[in-house]
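For the sequence shown, my numbering assigns the number 10 to the initial residue and increments by one for each residue that follows. All C-beta atoms in this analysis are idealised placements derived from N, C-alpha and C, irrespective of residue type, glycine included. The structure appears below as C-alpha cells.
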Amino acid sequence: MALQALIAVIVAAIAALIATVIKRRTRVDAPTQPESYAVPAMLDRADFDRPDAPWLVAVFSSSTCLSCQDAWDKARHLESAEVVVQEIEAIERKDLHERYAIDAVPMIVVADDEGVTRGSFIGVPSAADLWAALAELRS
C-alpha cells in the first residue's frame, strides 16, 4: 500500500512538471504597444482656420475620448491675435485625421506660419507645460 502511494505521488509530480513545461511553451506574450505615436512634421495651414496667423495650435480629438475635453480646455486659452487654436474632432474632420495619419488622441500640434511642426503633445499636457512651450517657441 505504501509503495502504491509513493508511485502515485511520483506520477502526480511528473504530470505536474510536464503540465508546467507545456504551459510555458504555449504561453502567449502580451501584445506590444507602439513606443510612440507619429506626429505630423508639417500641417498645410490652408486646412485650418486663419491660415495667415503666425502660430497654429491644432488639437486633434475624438468625441469618444475622455481626456480630449481636458486637452481642449487647456489649449483653447492660448487663442490670441497671433495664435489660432482649433479643435479637429475625428468624426467631424475625419479627412484631416486621415490626411495627417493621426492615430492617437488627444494630440496637440503647434505649427508655425509655414506649417512646420515646432512642438507637440500626445495626451493631456499640464496648462503650464503648454503655455511654456508656446511662449518658448514664440520668443
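Under the three-state reduction of DSSP, Arg33 is assigned to helix. DSSP places Leu139 in the uninterrupted alpha helix (DSSP H) bounded by Ala136 to Arg147. Within the region 19 to 105, the runs of alpha helix (DSSP H) at least 4 residues long that lie entirely inside it are, in chain order, 77 to 84. Here Cys74 is actually not in contact with Val18; their C-beta atoms are around 57 Å apart, not less than 8 Å. Around the Cβ of Gln95, a 10 Å sphere holds 16 or more other Cβ atoms; the residue is buried. With respect to the 8 Å criterion, Ala67 and Ala120 are classified as neighbours on the basis of their beta carbons. Going by C-alpha positions, Ala14 is about 15 Å away from Ala24. Each of Ile117, Gly128, Glu91 and Ile27 was checked against the Cα of Leu146, and the nearest Cα belongs to Gly128. Val93 is positioned such that its CB atom lies no closer than 8 Å to that of Phe69.
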